[in-house]
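Below is one structure, written out as structure tokens; comments come after it.
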Amino acid sequence: MAEPVLDTYIAEENLPYEFCPGCSHGKVLGALSDSLKQQGLDPTEVVIVTDIGCVGLSDKYFVTHAFHGLHGRAITYASGIKMQNPDLKVVVLIGDGGCGIGGHHLLNAARMNTDVAVLVFNNFNFGMTGGQHSVTTPMDSITPTTSLGSTDAPMDIAGTAKVNGGGFIARATAFDKDLPDMITKAMNHDGFSLIDIWELCTAYYVVRNDFGRKEMMGYMDSMNMESGMLQETDRPSFQTSYKHMQTQASEQKPMSGLVLETKFSSDLDKPIRIVLAGAAGQKVVSAGNLLASAATLSGLWTSRRADFPITIQTGFSVAEVVISPEPVLYSGIIKPDVAVLIAPEGKAKIARLTKAMEETDTVYYAEGLGDVDSVATQLPLNFPESAKKELRKNISALAAGYLTKQLNLFPFEALKEAVRQIQKPKIAEINLGVLAHFEN
7 MAEPVLDTYI
17 AEENLPYEFC
27 PGCSHGKVLG
37 ALSDSLKQQG
47 LDPTEVVIVT
57 DIGCVGLSDK
67 YFVTHAFHGL
77 HGRAITYASG
87 IKMQNPDLKV
97 VVLIGDGGCG
107 IGGHHLLNAA
117 RMNTDVAVLV
127 FNNFNFGMTG
137 GQHSVTTPMD
147 SITPTTSLGS
157 TDAPMDIAGT
167 AKVNGGGFIA
177 RATAFDKDLP
187 DMITKAMNHD
197 GFSLIDIWEL
207 CTAYYVVRND
217 FGRKEMMGYM
227 DSMNMESGML
237 QETDRPSFQT
247 SYKHMQTQAS
257 EQKPMSGLVL
267 ETKFSSDLDK
277 PIRIVLAGAA
287 GQKVVSAGNL
297 LASAATLSGL
307 WTSRRADFPI
317 TIQTGFSVAE
327 VVISPEPVLY
337 SGIIKPDVAV
347 LIAPEGKAKI
357 ARLTKAMEET
367 DTVYYAEGLG
377 DVDSVATQLP
387 LNFPESAKKE
397 LRKNISALAA
407 GYLTKQLNLF
417 PFEALKEAVR
427 QIQKPKIAEI
437 NLGVLAHFEN
């Protein structure tokens, strides 16, 4: 056992406790102080994270670091603190109310095996707000919100943490003489540890349900929630596993990203904003990528944005491309200089943009998509006759080739080079065949 740094870890100048007479919270805090003394910890190496409720008053009674947050969120704060500084001992003090409100966080901390120690102050009701029933209130219990008796099955906090993978899970009472020893074991376990500590709320639950220490043990028997150590595994904690993965990653060669080096030149002397509007499955976004990449290969500045619904494979698909001889400081397009319509879904989606276009702007449209509500010049996409067979599967690539030729954005060879560099070989072979129609 380490030599104790302090005789007590309680900030005695803040005593007495503000808890109700007979409340068990003080006993648990005393057990925690005794555990810290057993471990001989430097107070600056310990963080106590408290939840909302009566238990939220606890942190000020310790000479350690403290963090106090929102109801049910204490475990998330503790997990973040431990990730940032793995050398700290991080202890969560939370009530049964917080476990209910933050149940998702409890489940996932156990599942991930996050290296924090959770002490649950379980007194079967919301003691701070008037004794309302909580997720652990036993069936038939009387509370202000269950005046005829609770009909809800109580949540087995320890059992829940156990089946979700928590490494060190135990159940105890505030009156157990070995509680300090159990807390010490929990704090030194590498992984998620939780002690479900049953208590007495003398202000509400005890008086409404004729409940005491004897009845508490009877509850454990009747609900098949045994006390003592329930689970102890040697699965590495999330922090340990993550550190191991970081070490492995540092030993690997850095991923080499795609670098588009300037190989061509362009006569473009002002920004041009292009919107391609089609439907899911037409590879509209890919065509936008090709235009932006070809521009980059030609020494131009570019941005590319995409818009499509969450359904992904149905509905509209829109690509916005800004190409400029100067840096692009705003990637949005309020008014396109050029719009290309290749499907009804896309035409409908960008109707607001095409309506904002001016007479000096141009709308190119596929067959059947003319008559656009816009003062912009409207021209059909006149693809080469030999390319008509590509319309169903490769109209977006055709549109990219058509724009490159019509607008003289950059050399046509730059577009072909973009295909070779950014697309998979099989796709590139298809699209190079599509673009060949403009060179015959």
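Numbering (the numbering used here), first residue to last: 7 to 446. The beta-carbon is built from N, C-alpha and C at its ideal position, and this holds for glycine as well.
Met134 and Cys60 closer than 8 Å at C-beta: Yes, Cβ-Cβ distance for Met134 and Cys60 is below 8 Å.
Per-residue burial, Ser262 [other beta carbons within 10 Å of its own, 16 or more giving buried]: So Ser262 counts as exposed.
Opposite Ile16 in the DSSP bridges: which residues? For Ile16, DSSP records a beta bridge to Phe68.
Quick one: Cα of Leu415 to Cα of Thr302, how far? Put simply, the backbone Cα of Leu415 is about 11 Å away from that of Thr302.
Distance between beta carbons of Ala434 and Arg426, contact taken as under 8 Å: Correct: roughly 6 Å between the Cβ atoms.
Between the Cα of Asn91 and those of Asn128, Val53 and Leu125, spot the shortest distance and give me the residue it belongs to. Closest option to Asn91, Cα to Cα, is Val53.
Taking 8 Å as the cut-off, decide whether the C-beta atoms of Thr190 and Ser41 are in contact. A contact, by the Cβ cut-off of 8 Å.
Taking 8 Å as the cut-off, decide whether the C-beta atoms of Val124 and Ile87 are in contact. Cβ atoms of Val124 and Ile87: not closer than 8 Å.
In chain order, what residues of the same chain have a beta carbon less than 6 Å from the beta carbon of Met7, not counting five sequence neighbours either side? With a pLDDT of 49 at Met7, under the threshold of 50, the predicted position of this residue should be treated as unreliable, though the coordinate-derived value follows. Nothing listed; no residue qualifies.
What number of angstroms, rounded off, separates the C-alpha of Ala176 from the C-alpha of Pro22? Cα to Cα, Ala176 sits roughly 29 Å from Pro22.
Cβ-based burial, Glu205 [other Cβ within 10 Å; buried from 16]: Buried.
Please report the distance separating the alpha-carbon of Thr166 from that of Cys105. Taken atom to atom, the span from the alpha-carbon of Thr166 to that of Cys105 is near 11 Å.
Burial state of Arg398 (16 or more Cβ within 10 Å): That one is exposed.
Pro260 to Met251, Cα distance in whole Å? Taking the straight line joining both Cα atoms gives about 15 Å.
Can you tell me whether Thr383 is helix, strand or coil according to DSSP? The answer is strand: DSSP assigns Thr383 an E or B state.
Between which two residues does the beta strand (DSSP E) containing Thr50 stretch? That residue, Thr50, is in no beta strand (DSSP E); it is neither H nor E in DSSP.
Residue burial classification, Cys358 (beta-carbon count within 10 angstroms, cutoff 16): Reading off the sequence shown, one finds Arg at residue 358, where the question assumed Cys. By the 10 Å Cβ count, Arg358 comes out exposed.
Do Asp379 and Arg279 count as a contact pair if the criterion is CB distance below 8 Å? Against a cut-off of 8 Å, the Cβ pair of Asp379 and Arg279 comes out as no contact.
By DSSP, does Gly104 sit in helix, in strand, or in coil? Looking at Gly104 - three-state DSSP - the assignment turns out to be helix.
Hey, Val126 and Leu200: beta-carbon distance below 8 Å or not? Yes, the Cβ-Cβ distance between Val126 and Leu200 is below 8 Å.
Considering just the uninterrupted stretch of the alpha helix (DSSP H) at Phe418, what are its terminal residues? Judged by DSSP secondary structure, Phe418 falls within the alpha helix (DSSP H) whose first and last residues are Phe418 to Ile428.
Entirely enclosed alpha helix (DSSP H) segments - the region 154-208, minimum 4 residues: Runs found: 163-169 and 185-193.
Identify every residue that forms a DSSP beta bridge with Glu326. Answer by DSSP bridge pairing, in chain order: Val281 and Arg311.
Are the beta-carbon atoms belonging to Gly137 and Arg214 less than 8 Å from one another? Yes, they are a contact pair.
Mark Thr143 as exposed unless 16 or more other C-beta atoms lie within 10 angstroms of its C-beta, in which case mark it buried. By the C-beta density criterion, Thr143 is buried, having at least 16 other C-beta atoms within 10 angstroms.
At what residue ranges does the region 232-289 contain a whole run of the alpha helix (DSSP H), taking only runs of 4 or more? Segments of the alpha helix (DSSP H) lying fully in the region 232-289: 244-257.
Contact belief for Ala362 with Lys394 at Cβ below 8 Å, rounded distance in angstroms: Contact doesn't hold; Cβ gap of about 32 Å is too wide.
Under a Cβ-count criterion, where at least 16 other Cβ atoms within 10 Å of its own Cβ denotes burial, should Gln384 be classed as buried or exposed? Under a 10 Å Cβ-count criterion, Gln384 is classified as buried, with 16 or more other Cβ atoms of the shown protein chains found around its own Cβ.
Using the rule of at least 16 other Cβ atoms within 10 Å of the residue's Cβ for burial, across every protein chain shown, is Val265 buried or exposed? Val265 is exposed by the Cβ-count criterion.
Once you ignore the five residues that flank Asp187 on each side, which residues in its own chain have a CB closer than 8 Å to its CB? Excluding the 5 residues flanking it on each side, Asp187 has same chain C-beta neighbours closer than 8 Å at Ser41 and Gln44, in chain order.
Exposure label - Thr368; buried when at least 16 CB within 10 Å: Residue environment: Thr368 is assigned as buried (16 or more neighbouring CB atoms within 10 Å of its CB, all protein chains considered).
What did DSSP end up calling Lys2 once you bin it into helix, strand or coil? No answer is possible for residue 2: the residues shown for the chain start at 7 and end at 446.
Quick one: using the 10 Å Cβ neighbour count with 16 as the cut-off for buried, is Leu335 buried or exposed? Exposure of Leu335 is indicated by the presence of fewer than 16 other C-beta atoms within 10 angstroms of its C-beta.
Examine the Cβ distances between the region 280-294 and the region 322-337 and report whether three or more of them are shorter than 8 Å. Taking a cut-off of 8 Å for Cβ pairs, the region 280-294 and the region 322-337 touch, as three or more such pairs fall below it.
Drop a sphere of 10 angstroms on the beta-carbon of Leu306, count the other beta-carbons inside from all chains shown, and report buried for 16 or more, exposed for fewer. Leu306 counts as buried, since at least 16 other C-beta atoms from the protein chains shown sit within 10 angstroms of its C-beta.
Taking only three categories from DSSP, how would you classify Val212? If DSSP states are grouped into helix, strand and coil, Val212 belongs with the helices.
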